[in-house]
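Each remark here refers to the structure printed beneath this line.
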Amino acid sequence: MNNLQVIEYRGKRVLTSQQLAEVYGTDSKTISYNFNYNRSRYIEGKHFICLTGDELKRYKTNLEIHESSRINKLYLWTEKGAFMHAKSLNTDTAWEVYDRLVDSYFQKKNDDGTPVTYRDAIAQLLESLDREEELKRQLDVSKDWYSIKRVAALNGVNWKTFKWRKLKAAGERLGYEVKKVFDANYGEVNTYHKNVWAAVYPDYEL
1292 MNNLQVIEYR GKRVLTSQQL AEVYGTDSKT ISYNFNYNRS RYIEGKHFIC LTGDELKRYK
1352 TNLEIHESSR INKLYLWTEK GAFMHAKSLN TDTAWEVYDR LVDSYFQKKN DDGTPVTYRD
1412 AIAQLLESLD REEELKRQLD VSKDWYSIKR VAALNGVNWK TFKWRKLKAA GERLGYEVKK
1472 VFDANYGEVN TYHKNVWAAV YPDYEL
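Residues in the sequence shown are numbered from 1292 upward in steps of one, following my numbering.
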């Protein structure tokens, strides 16, 4: 990974699908499949950049990107996009490599390890907080997002007390999407924002 070619897009470091596949120990087809399968969860500009047309030509000319010369679009993955792919693969290798990418690739630093500018320092802090909140949400310990199973346990009631359809409808009305977290028993479970819970079930503790 020390020999990983540095690719930047508008000042931010990114990775191609091929690079991501190589460091995660998989192949480009798997990266593409996981992306297409979970496409609705990816946000362009946040998780990935899709290059086409003249912009793609410039990148293929200026960088040694080892992708097919016949491609008409090129996906570049941000740090958050790399996290999404690590989550899809869910292997020890992918998670270990993701941590190393965060520390040694995505974060641009001076020789002494400090961020390049004050703006970079703020961005680095915000990224760190985002990662921490995302991890908490994935472990279902977030202070903002709660699963039915978790709220039932907190209040000592049967999980059937809570109706997911009511929570989903309230979320749509209030502008909060349903987010999924890993669950050892069910694979994935839905979580709902605390404001949604407060609107539908105000008498229960979070």
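All C-beta atoms, glycine included, are put in the ideal place defined by N, C-alpha and C.
Neighbourhood of residue i by C-beta distance below 6 Å, restricted to the same chain and skipping five residues each side
i, result
"L1458", "Y1483, V1487, V1491"
"S1308", "S1319, I1322, Y1366"
"Y1467", "H1484, V1487"
Simplified DSSP assignment, three categories, for residue i
i, result
"K1485", "helix"
"V1388", "helix"
"L1380", "helix"
"N1401", "The predicted model places N1401 with a pLDDT of 48, which falls under 50 and marks its position as unreliable, so this point remains unresolved."
"L1367", "strand"
"L1295", "coil"
"Y1437", "strand"
"V1234", "Beyond the ends of the chain as shown, which are 1292 and 1497, falls residue 1234; an answer cannot be given."
"L1497", "coil"
Whole-angstrom C-beta distance between residue j and residue i, which should lie under 8 Å
i, j, result
"L1306", "L1367", "7 Å"
"L1365", "L1392", "The pair is not a contact, with the Cβ atoms about 19 Å apart (cut-off 8 Å)."
"V1472", "E1479", "7 Å"
"W1436", "A1443", "Between A1443 and W1436 the Cβ distance is about 15 Å, and since that is not below 8 Å, they are no contact."
Beta-carbon spacing of residue i, residue j below 9 Å
i, j, result
"M1375", "Y1328", "no"
N-terminal and C-terminal residue of the beta strand (DSSP E) that residue i is part of
i, result
"E1299", "1298 to 1300"
"T1307", "1303 to 1307"
Spatial neighbours of residue i in its chain, beta-carbon cut-off 8 Å, leaving aside the 5 residues before and after
i, result
"L1380", "Y1315, T1317, T1321, N1325"
"V1388", "M1292, V1314, Y1315, G1316, A1377"
"L1465", "H1484, N1486, V1487, A1490"
"E1299", "V1305"
Chain-order list of residues whose beta-carbon lies under 7 Å from that of residue i (same chain, five-residue window excluded)
i, result
"N1363", "T1343"
"F1339", "Y1333, Y1366, L1367, W1368, T1369, G1372"
"K1485", "D1435, Y1437, L1497"
"L1521", "A question about residue 1521 goes unanswered here, because the residues of the chain that appear run from 1292 up to 1497."
"I1439", "W1450, F1453, W1455"
"A1461", "V1487, A1490, V1491"
Residue i: first and last residue of the uninterrupted alpha helix (DSSP H) it sits in
i, result
"K1337", "Segment: none, K1337 is in no alpha helix (DSSP H) and carries neither H nor E."
"W1450", "Run containing W1450: none; DSSP gives neither H nor E here."
"T1321", "1319 to 1328"
Residue i at chain B interface by Cβ criterion, 9 Å
i, result
"G1336", "The structure shown contains no chain B, having only a single protein chain."
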